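Structure first, then comments.
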Amino acid sequence: MLFKRGCMNKEIILTGDRPTGPLHLGHFVGSLQSRVRLQESHKQFVMIADVQALTDNYDNPQKVRDNVLEVALDYLAVGIDPSKTTIFIQSCLPQIPELTLYYLNLVTMNRLKHNPTVKLEIRQKGFGDSVTAGFMTYPVSQAADITAFKASIVPVGEDQKPMIEQTNEIVRNFNRIYKKPVLVECKAVVPTFSRLPGIDGGGKMSKSLNNAIFLKDDENVLKKKVKKMYTDPNHLRVEDPGQVEGNPVFTYLDAFGSDRGKIQDLKDHYQRGGLGDSIVKNYLFEVLNEFLEPIRKRREQFAKDPKEVFQILKKGTEIAYEKAEKTLDEVKSVMCLKY
Ligand code: ATP
Ligand code: MG
């Protein structure tokens with residue numbers, strides 16, 4: 008069969024990040040590495056979600072603004088290729104808030120109040136009754152992000168699954184009420200690698216928990232972070248047998264190391280006793296440094312010319328704008344809003 012270039016029937020992916028800080032190793036295993044892979048086989052849109060970042064950072068717009076560049080640099084550094092992936096800035100697409108407004112009629116207040124992820128976040132962030140309408144309704148805005156591109160695949164963390172359910176409810180309601188299958192249902196794809204723990208061994212690696220190794224960390228910072236990493240608290244003397252499970256040093260070796268034989272030998276030795284934490288940490292430093300070195304180099308290269316980076320984002324945004332505009336046009340048409 009003959010296809011014109013660019014006309015292949017590729018499934019559409021919508022994904023992205025909130026620009027609230029640079030990206031870390033957790034983001035790499037959780038999403039970045041699969042984006043680099045999927046851009047070869049899918050039509051991928053990656054959104055820098057500045058509007059969503061403002062829902063809980065509305066009082067610090069400069070932070071969001073500064074991190075748009077940081078996130079873009081991380082994307083380019085890990086190998087997200089703007090000639091294969093459309094990278095765009097959410098706030099440059101007015102179609103998204105317009106779709107959000109129409110979708111809000113299709114969602115009950117009760118449903119929003121009971122979204123388990125939003126409920127948890129309200130508790131974690133201590134919002135209580137003063138939670139804003141913007142924050143409460145961000146799942147609807149996410150539905151607009153996804154449907155604007157007619158994405159059928161949305162790679163998400165386990166915690167984001169309720170957002171996909173909410174999106175699909177809106178899609179079904181919309182298509183039923185306006186009697187035309189304009190919007191497309193999507194499916195959540197959850198990464199096989201579960202959460203990467205933080206260097207404190209406490210929970211997942213997260214920028215706000217101060218337990219992250221960032222992709223942009225230089226050699227010295229990396230060395231310091233690896234040195235202070237949590238290991239097995241009962242492994243007090245070198246001769247003591249140590250735990251490998253739940254020990255983040257070994258979790259990172261599994262995730263980023265390539266010499267399986269050596270890693271297995273280290274694990275065996277650690278469990279038997281007689282292997283000091285510092286030896287394992289030195290090896291982990293080498294492994295992570297080797298992994299981060301080319302990423303850092305590419306990042307530095309792009310960082311020299313922020314104008315060029317914004318040019319890339321501008322081009323991506325133009326492509327995204329066109330796609331979202333087409334969807335909005337169809338939406339308005341079935342909603343009798345075309346004048
Ligand atoms: P914040 O501290 O602001 O919550 P964060 O560092 O936890 O930031 P998020 O912006 O919450 O990062 O994460 C966005 C997405 O990145 C998640 O939905 C998930 O897919 C992925 N992700 C983040 N942290 C990890 C991690 N430690 N392991 C695997 N995936 C992660
Ligand atoms: Mg988080």
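Residue numbers (the numbering used here): 8 to 346.
For every residue, glycine included, the Cβ atom is placed at its ideal position computed from N, Cα and C.
Source: prediction; values computed, not measured.
Original post:
Do residue 162 and residue 123 come within 8 angstroms of each other at the CB atom, strictly closer than that value?
Top reply: By 1-based counting over the sequence shown, the position of residue 123 is 116. By 1-based counting over the sequence shown, the position of residue 162 is 155. Taking 8 angstroms as the Cβ cut-off, residue 123 and residue 162 do not qualify as a contacting pair.
Original post:
Is residue 36 near the ligand ATP, in the sense that its beta carbon is under 7 angstroms from a heavy atom of that ligand?
Top reply: Taking the sequence shown and counting its residues from 1, the one referred to as residue 36 is at position 29. Yes, since a heavy atom of the ligand ATP falls inside the 7 angstroms radius drawn around the Cβ of residue 36.
Original post:
So is residue 108 buried or exposed if we call it buried at 16+ other beta carbons inside 10 Å?
Top reply: The sequence position of residue 108 within the sequence shown is 101, counting from 1. Exposed, because fewer than 16 other Cβ atoms sit within 10 Å of the Cβ of residue 108.
Original post:
Is residue 53 closer than 8 angstroms to residue 27 when the C-beta atoms are compared?
Top reply: Against the sequence shown, residue 27 aligns to sequence position 20. Against the sequence shown, residue 53 aligns to sequence position 46. Going by C-beta atoms, residue 27 is not nearer than 8 angstroms to residue 53.
**OP:** Rank 35, 290, 57 and 267 by C-alpha distance to the C-alpha of residue 103 and give the top, closest one.
**Re:** In the sequence shown, the residue the question calls residue 103 occupies position 96. From the listed residues 35, 290, 57 and 267, the smallest Cα separation to residue 103 is found for 57.
**OP:** Kindly indicate the opening and closing residues of the alpha helix (DSSP H) around residue 160.
**Re:** Numbered from its first residue, the sequence shown carries residue 160 at position 153. Here residue 160 belongs to no alpha helix (DSSP H); instead the beta strand (DSSP E) covers 160-162.
Subject >> C-beta atoms of residue 55 and residue 97 nearer than 8 angstroms >> reply: For the purposes of this step, residue 55 is taken as the residue at position 48 of the sequence shown. For the purposes of this step, residue 97 is taken as the residue at position 90 of the sequence shown. Their beta carbons are under 8 angstroms apart, which means residue 55 touches residue 97 by this criterion.
**OP:** From the DSSP output, in three-state form, read off residue 86 for me.
**Re:** Position 79 of the sequence shown, counted from the start, is the residue given in the question as residue 86. Coil.
Subject >> Closest residue to residue 216 among 207, 223 and 224 (Cα-Cα distance) >> reply: In the sequence shown, counting from the first residue as 1, residue 216 sits at position 209. Ranking 207, 223 and 224 by Cα distance to residue 216 puts 207 first.
Subject >> According to DSSP, residues forming a beta bridge with residue 51 >> reply: Counting from 1 along the sequence shown, the entry for residue 51 is found at position 44. Residue 51 pairs with 20 and 92.
Original post:
Would a C-beta distance cut-off of 8 angstroms place residue 251 and residue 236 closer than the cut-off?
Top reply: For the purposes of this step, residue 251 is identified with residue 244 of the sequence shown, where counting begins at 1. For the purposes of this step, residue 236 is identified with residue 229 of the sequence shown, where counting begins at 1. No, the Cβ-Cβ distance between residue 251 and residue 236 is not below 8 angstroms.
Original post:
Residue ranges of each alpha helix (DSSP H) run of no fewer than 4 residues wholly in the stretch 210-277, ordered along the chain?
Top reply: Counting whole runs of 4 or more residues, the stretch 210-277 contains the alpha helix (DSSP H) stretches 226-234 and 255-263.
Original post:
Do residue 156 and residue 339 have their CB atoms nearer than 8 angstroms?
Top reply: Translated into positions along the sequence shown, residue 156 becomes position 149. Translated into positions along the sequence shown, residue 339 becomes position 332. Contact: no.
Subject >> Inter-residue Cα distance where the pair is residue 170 and residue 119 >> reply: Translated into the one-based positions of the sequence shown, residue 170 becomes position 163. Translated into the one-based positions of the sequence shown, residue 119 becomes position 112. In this model, residue 170 and residue 119 are separated by some 10 angstroms (Cα to Cα).
**OP:** Could you pull out every residue in the same chain whose Cβ sits closer than 8 angstroms to the Cβ of residue 258, ignoring the five residues on either side in sequence?
**Re:** The residue given as residue 258 occupies position 251 in the sequence shown. Excluding residues up to 5 positions away in sequence, 203 and 204 lie with their Cβ nearer than 8 angstroms to the Cβ of residue 258 in the same chain.
Original post:
How many Å lie between residue 22 and residue 85 at the Cα?
Top reply: As a first step, residue 22 is located in the sequence shown; it is residue number 15 there, counting from the start. As a first step, residue 85 is located in the sequence shown; it is residue number 78 there, counting from the start. In a straight line, the C-alpha of residue 22 is about 16 angstroms away from that of residue 85.
**OP:** Using beta-carbon positions only, say whether residue 80 and residue 306 come within less than 8 angstroms of one another.
**Re:** For the purposes of this step, residue 80 is taken as residue 73 along the sequence shown, with counting starting at 1. For the purposes of this step, residue 306 is taken as residue 299 along the sequence shown, with counting starting at 1. Contact check for residue 80 against residue 306 passes: the beta carbons are separated by less than 8 angstroms.
Subject >> Paired residues, beta bridge with residue 196 - DSSP >> reply: Taking the sequence shown and counting its residues from 1, the one referred to as residue 196 is at position 189. Residue 196 is bridged to 162.
Subject >> Three-way DSSP call (helix, strand, coil) for residue 34 in this model >> reply: Taking the sequence shown and counting its residues from 1, one reaches residue 34 at position 27. Three-state result, residue 34: helix.
Subject >> Residue range of the unbroken alpha helix (DSSP H) whose run includes residue 148 >> reply: Your numbering for residue 148 matches position 141 in the sequence shown. For residue 148, the enclosing alpha helix (DSSP H) begins and ends at 145-155.
Subject >> Which listed residue (243, 70 and 342) has its alpha carbon closest to that of residue 186 >> reply: Stepping through the sequence shown from its first residue, residue 186 is reached at position 179. When each option's Cα is compared against that of residue 186, the closest is 342.
Subject >> At least three beta-carbon pairs within less than 8 angstroms, the stretch 212-227 to the stretch 291-301 >> reply: In short, these stretches touch, since the Cβ pair count reaches three.
Original post:
Between the beta-carbon of residue 295 and the beta-carbon of residue 245, is there less than 8 angstroms?
Top reply: Within the sequence shown, numbered from 1, the residue matching residue 295 stands at position 288. Within the sequence shown, numbered from 1, the residue matching residue 245 stands at position 238. No, these two residues do not count as a Cβ contact at 8 angstroms.
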